[in-house]
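For reference, the structure discussed in these notes is given below.
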Ligand SMILES: [Zn+2]
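Here it is in C-alpha cells:
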C-alpha cells in the first residue's frame, strides 16, 4: 500500500512535483484531469467500494445500502467477477454503478501498456458477460497511475476515477475507526474510498466496512447530505 502523501487539494499543480507524488497521490492532477469529487463544493457524498465482488460481504453491504435507499459505485476486480458473476449481477440489479478495477489488481506503475490494456479489456469483457451494459469508469489499483496508464485507459474509452477521502478500512480494527477517519475528511462533494473485498484474496473480511457504511449513511443523512453515485455527482457538478 502506498503511504499517505496527500494533504491539500490538488497541491501537485503548484508543486510541479516529483514523479512518485504524481503517480500515487489521489488528488494529484499532474497527469491529466482525473475525477476525485469536488471537496467542499456540495452536500453530496459518493461512496465507492473497491476489490469486490466478495462473499458474503458484498451481499451484506447491498442490504445496508438498500435499507437506506442509497446507490453507490463499485469498482470490480475482473477475476472475482469471473469467479462469482452472480454477485456482480446483484450489485448492478440493485441499482449501483459498476466500474473496472482491472482483472488481477496489479500495481500499474510497474505494468506495461500492453499488459494494462489486457487487464482492462479482459475485465470489460467479464463484466459485460455478467451484467451487460455498465459504466465506463475505471479505478487504478492503489490509486497509482502514470501518463501512459491514463492514455491506455482513455484510448479504450475508460475514465479514471480516484477519491478525496479514504478511511483506511483495509487495516481498520473496528467500524468506529473507519467512521472516525471518514469524519475527519468528509466536507461534502467527496468521493469516499471503501472496500467490500480484498485484492490479496477472495473472501477478505469486510464486516467493519459494512457496519461503518451503515453508520456513515445514518449520520450524514441526518445532517442533510445526499448520497449519490459517481456519475450523478459528475452530472451535478457539470450539468
Ligand atoms: Zn483495489
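Numbering (full-length UniProt numbering), first residue to last: 1 to 239.
We put the beta carbon where it would ideally sit given N, CA and C, even for glycine.
Computed from a predicted model, the values in this text were never measured in an experiment.
- Distances between the C-beta of residue 51 and the heavy atoms of ligand 1 include at least one below 7 Å.
- Residue 96 sits in coil when the DSSP states are folded into three classes, being neither helix nor strand.
- The beta carbon of residue 141 sits closer than 7 Å to at least one heavy atom of ligand 1.
- In this structure, 123 is the residue among 45, 37, 123 and 63 with its C-alpha nearest to the C-alpha of residue 79.
- For residue 101, the distance from the CB to the nearest heavy atom of ligand 1 is below 7 Å.
- Fewer than three Cβ pairs drawn from the stretch 146–156 and the stretch 174–186 lie within less than 8 Å of each other, which leaves the two stretches out of contact.
- Annotated three-state conformation of residue 46 is strand, per DSSP.
- Residue side-chain check: residue 68 keeps its Cβ at 7 Å or more from all non-hydrogen atoms of ligand 1.
- Distance from the CA atom of residue 214 to the CA atom of residue 192, rounded to whole angstroms, is 14 Å.
- One thing to note: residue 153 has its Cβ within 8 Å of the Cβ of residue 138.
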